[in-house]
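Residue numbers (UniProt numbering): 1 to 276.
All C-beta atoms in this analysis are idealised placements derived from N, C-alpha and C, irrespective of residue type, glycine included.
If you're wondering where the values come from, they're calculated on a predicted model, not measured in any experiment.
Shown next as structure tokens:
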């Protein structure tokens, strides 16, 4: 009778074998749940991504709604609300990138790496959790804006398209936050290279005022600004305005940036796991 050694009794999978898709998906869901729990427990993230955009919505409406209605004959909330929905996604880049940067350089990442876990699940779960949070906040802000006059007047399909554009924009922001966190050497770089560009893109967009309100020399830059295109697309899908150009422009920007950021993040993450 031949006695089988422990090594041959339970052969392990070779390092090159990939985990089952179901296992990878389940692990990603667990990581995404952790991301969402962190958000709910973090008062600063809630203030930055929900409270501040809503405060901005009410303050700007109080200051400019009557003026815009008298001069342009439209409700300012119809133009402003879509931009506020976008800013909830934009404002999440900074907080998400810093949280991910802290994870990578803390014991959390090392513990996950020591577990029998495909580390791709960590990235997928992080992006998935952020995406769910972005969409949840967008729906909440849209509902609040509805109480002050925002309406979907172009039918249910246009309303679905509205949130489809928000989803594309949110996916771009999630991919961008992961790439920035993996590239940055310290949080100060994240603040410097995320906060100022996002602020400039938001202020120099046609979300607050129509393109015609800008000086002629800067209109070409404002018209191709991804925030302008996305805000115009959301305005057109919810109320009135052009659709084809802003929707196609938004798709081009969001897909392009997401692909580039995903490529950068994949490369940097692979080097990080290998170096550990």
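DSSP places residue 90 in the helix class (H, G or I) of the three-state scheme. In this structure the segment 127-145 lies against the segment 46-54, because at least three pairs of beta carbons, one per stretch, are closer than 8 Å. The shortest CA-to-CA distance from residue 190 to any of 92, 266, 28, 259 is the one to 92. In the displayed model, residue 208 falls within coil according to three-state DSSP, outside both helix and strand.
Here residue 243 carries a coil assignment [DSSP, helix/strand/coil]. Under the DSSP assignment, residue 154 falls outside any alpha helix (DSSP H); it carries neither an H nor an E label. Judged by pairs of C-beta atoms under 8 Å, the segment 81-97 touches the segment 157-172, as three or more such pairs exist. Counting every other CB atom within 10 Å of its CB across the protein chains shown gives residue 216 a total below 16, marking it as exposed. According to the DSSP assignment, residue 44 belongs to the alpha helix (DSSP H) that extends over 43-46. Taking every protein chain shown into account, the CB of residue 244 has fewer than 16 other CB atoms within 10 angstroms, so this residue is exposed. CA-CA distance, residue 196 to residue 28, rounds to 32 Å.
Using a Cβ distance threshold of 8 Å, residue 206 and residue 222 count as a contacting pair. Comparing alpha carbon positions, the residue from 225, 101, 23, 40 closest to residue 134 is 40. About 6 Å separates the CB atoms of residue 194 and residue 180; that is less than 8 Å, so the two are in contact.
Excluding residues up to 5 positions away in sequence, 31, 112 lie with their Cβ nearer than 7 Å to the Cβ of residue 122 in the same chain. Look at residue 65 here: in three-state DSSP terms it is helix.
Residue environment for residue 58: exposed (fewer than 16 other C-beta atoms within 10 angstroms of its C-beta). Boundaries of the alpha helix (DSSP H) around residue 113: 107-114. Distance from the CA of residue 251 to the CA of residue 165, rounded to the nearest whole angstrom, comes to 8 Å. For residue 75, the closest of 64, 83, 84, 85 by C-alpha to C-alpha distance is 64. For residue 232, the secondary structure class from DSSP, reduced to helix, strand or coil, is helix. At the C-beta level, residue 178 and residue 261 come within 8 Å of one another.
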